[in-house]
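So in the UniProt record's numbering, the last spot in the sequence shown is 280, and the numbers never skip. First up is the structure itself, then whatever we jot down about it.
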Amino acid sequence: MLHYALIGHPLGHSLSPQIHRRLFQLEGMEADYLLDDFPPQELEAHLPILRRYAAFNITIPYKTALLDRLAGISENARLYGSVNAVQVKDGRLYGDNTDCTGFLRTLESAGLALRGPVCVAGAGGVGRMFALEAARQGAQVTLAARASSLDKARQVAAEAREKLGAEIAVQPLETLAGPVGLLINATPAGMYPRVEAAPVPRAVVAEASAVFDCIYNPSQTLLLQWARELGKPAVGGMGMLVWQAAAAHELWHGTRFSHRVVGQLIQEMEAVLEEREAQG
1 MLHYALIGHP LGHSLSPQIH RRLFQLEGME ADYLLDDFPP QELEAHLPIL RRYAAFNITI
61 PYKTALLDRL AGISENARLY GSVNAVQVKD GRLYGDNTDC TGFLRTLESA GLALRGPVCV
121 AGAGGVGRMF ALEAARQGAQ VTLAARASSL DKARQVAAEA REKLGAEIAV QPLETLAGPV
181 GLLINATPAG MYPRVEAAPV PRAVVAEASA VFDCIYNPSQ TLLLQWAREL GKPAVGGMGM
241 LVWQAAAAHE LWHGTRFSHR VVGQLIQEME AVLEEREAQG
């Protein structure tokens with residue numbers, strides 16, 4: 001049996017094993033998917049174990065830490081300076097970034113386009129990826145960050161100018177006002193257990209054309225609740241979680257999953273999450 005894994009620390013109650021095992025079933029493959037949780041100081045000693053997997057996914061804190069141990073990386077991984085999917089060939093590690101693919105296909109499935117005004121809230125790793133990808137797609141991007149992260153946001157804007165020839169506007173998240181176009185939340189505001197939080201006031205949501213929240217736990221954040229109450233198209237983060245996993249399988253095995261099949265899997269995982277929430 002082939003073995004695959006998610007590496008990270010800490011991993012907690014990840015949905016990745018359920019998602020990938022279902023994808024293996026859909027592919028007709030006999031394979032297993034494990035959670036491989038180890039602390040950063042053990043990364044070097046852990047490399048021989050990683051080379052025994054057929055492939056593996058990466059989450060915090062190894063998305064950048066593993067870069068200099070890879071034999072090669074894709075164009076996407078190079079642009080974002082981050083790897084979340086690795087294939088093992090003859091004991092050598094080759095990295096890619098399917099977070100970007102998951103993001104794009106989630107928006108595509110929801111009928112949301114990365115064009116016109118796009119506002120990304122949060123300048124961390126995922127916010128950087130959202131902002132750069134939106135700029136690459138030709139959108140008019142505003143990157144809104146808290147005062148403590150404005151320098152980081154300016155670095156992303158400089159990177160977009162240098163790598164893509166695109167301009168990204170930077171402004172304080174605290175003073176954000178509409179209209180904002182497609183509003184993308186890349187902050188942890190609203191994530192379990194702080195479900196009462198939102199990255200922006202309701203008045204800003206009222207000025208958005210649509211909302212994408214990358215948080216998937218809870219399945220409906222306060223931000224999404226406001227958007228739906230205001231009649232705005234609103235999409236949560238479960239789609240991105242499942243689509244980036246499906247994209248990894250496409251890289252590893254050449255499989256192509258339809259929007260219908262992935263949509264059903266997203267619903268399955270949302271049901272799993274709701275059951276966990278009900279059990280406390």
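The beta carbon of each residue, even a glycine, is placed where N, CA and C say it ideally should be. In this text, all values refer to a predicted model and were calculated from it rather than measured experimentally.
Less than 7 Å between C-beta atoms, sequence neighbours within five positions excluded: which residues of the same chain meet that for residue i?
i	result
residue 230	205, 206
residue 240	102, 103, 106, 214
residue 154	170
residue 287	Past the edges of the chain, shown from 1 to 280, lies residue 287, and the structure says nothing about it.
For residue i, list the residues DSSP reports as bridge partners.
i	result
residue 192	Per DSSP, none; premise fails for residue 192.
residue 272	BP columns for residue 272 are empty, so no partner.
residue 89	92
residue 212	184, 235
residue 34	5
Quick check on residue i: buried or exposed, where buried means 16 or more other Cβ atoms within 10 Å of its Cβ?
i	result
residue 20	buried
residue 82	buried
residue 99	buried
residue 128	buried
residue 149	buried
residue 48	exposed
Can you find the residues in the same chain that come closer than 6 Å, C-beta to C-beta, to residue i, ignoring five residues on each side of it along the sequence?
i	result
residue 70	93, 95
residue 59	8
residue 16	6
residue 135	141, 160, 164, 166, 168
residue 330	Only positions 1 to 280 of the chain appear in the structure, and residue 330 is not among them; the question remains open.
For residue i, which of the options has the nearest alpha-carbon?
i	options	result
residue 163	263, 76, 28	76
residue 292	198, 191, 248, 226	Shown here, the chain extends from 1 to 280; a query on residue 292 therefore has no answer.
residue 32	23, 136, 221	23
residue 217	193, 203, 226	193
residue 91	235, 50, 80, 122	50
residue 38	28, 79, 16, 6	6
residue 221	18, 186, 251, 255	186
residue 285	261, 248, 260, 266	Not covered by the structure: residue 285. The range shown for the chain is 1 to 280.
residue 35	13, 47, 227	13
residue 43	67, 177, 26, 201	67
Kindly indicate which three-state DSSP category residue i falls into: helix, strand or coil?
i	result
residue 25	helix
residue 137	coil
residue 256	coil
residue 282	The requested residue 282 is not part of the displayed model; the chain covers only 1 to 280.
residue 3	strand
residue 144	strand
residue 233	coil
residue 118	strand
residue 245	helix
residue 76	helix
residue 66	coil
residue 203	helix
Cutting at 8 Å between CB atoms, please list the residues of its own chain near residue i, excluding the five before and the five after it.
i	result
residue 281	Absent from the model: residue 281. The displayed extent of the chain is 1 to 280, so no value can be given.
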